[in-house]
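First residue of the sequence shown? That's 3 in the working numbering, and the numbers climb one at a time after it.
From the three backbone atoms N, C-alpha and C, an ideal C-beta is built for every residue, glycine too.
Owing to the predicted nature of the structure, the values given are computational and were not obtained by experimental measurement.
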Amino acid sequence: MPEYTKAQKQIRADEGEVKNENGFWQSVNDKDKHKVYKDTEGKYTVGNGHLLTNPELKKLKETQVGLTPEGMEITQEEADEWFAADLKDANDDVEALYGDIPMAEEQREVLVNMAFNLGRKGLRKFKQMRKGLVAGDSKKVAHEMQFTWDKKNNKYKTSDWYEQVKGRGKRLVGQVSKIPSTGKFDPKLDDGRYD
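Structure representation (structure tokens):
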């Protein structure tokens, strides 16, 4: 399995970190990565976008008695451990969902970045994107990353993921759209061959 070092660097940058002169990652914005915060969906998060599980939150509460979750902190070592585990999970998710599809390494890097945010369950929802990957159609992949079909209004709308991650989504879609296609998705042939 590839190491996805480009994805790791890009995810850290997307999460607001840069490497300092000593080779350590540090926050470049006002958000302290060591403090628990609520993400855009109101879920407790810490470090580089690590979504806290109930057992992890319980353990923090036991060790930091009297604090509300937003007041709790973790060490840099814990942040690094959780980031490494989350990156491994993202790699595993991409391999499980798309490991059978030949594609450019840059496409895999983008998928790892998406999996880092969405997890396997969320990434699996991009069914039309998968069809573009199978067909080798980078334009289809980029389109399906950015848009989703709104059945109620019978038209495309911006995907929730794209809106939520803002600049990251635009950059990732741009990266994929620049990758030369090796094929073209043909909806007339969509009889299961792209699944």
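Local conformation of residue i per DSSP, three classes
| i | result |
| --- | --- |
| threonine 160 | strand |
| lysine 52 | The sequence given here places histidine at residue 52; lysine does not occur at that position. Strand. |
| phenylalanine 85 | helix |
| threonine 65 | helix |
| lysine 186 | coil |
Exposed unless 16 or more other CB atoms sit within 10 angstroms - verdict on residue i
| i | result |
| --- | --- |
| glycine 171 | buried |
| proline 57 | exposed |
For residue j and residue i, believed in contact at Cβ under 8 Å, the rounded distance
| i | j | result |
| --- | --- | --- |
| alanine 92 | valine 114 | 5 Å |
| phenylalanine 118 | aspartate 162 | Phenylalanine 118 to aspartate 162, Cβ: 16 Å. No contact. |
| threonine 158 | methionine 147 | One point to set straight first is that residue 158 is tyrosine, not threonine, in the sequence displayed. No, tyrosine 158 and methionine 147 are not in contact; Cβ-Cβ is about 12 Å, not under 8 Å. |
| leucine 174 | methionine 105 | About 14 Å separates the two Cβ atoms, so there is no contact after all. |
Beta-carbon proximity list for residue i, same chain, < 6 Å, skipping 5 on both sides
| i | result |
| --- | --- |
| glutamate 75 | His36, Lys37 |
Cutoff 7 Å; reference residue i; Cβ partners in own chain excluding five residues on either side
| i | result |
| --- | --- |
| glutamine 177 | Glu108, Val112 |
| leucine 59 | Tyr46, Pro71 |
| aspartate 32 | Low per-residue confidence applies at aspartate 32: pLDDT is 45, beneath 50, and the placement is therefore not dependable enough to give any value. |
| glutamine 166 | Thr42 |
Counting beta carbon pairs with one atom in the stretch 120-139 and one in the stretch 178-187, are three or more of them shorter than 8 Å? yes
Any chance the stretch 37-52 sits against the stretch 67-83, with 3 or more Cβ pairs inside 8 Å? yes
Are three or more beta carbon pairs between the stretch 123-134 and the stretch 94-106 nearer than 8 Å? yes
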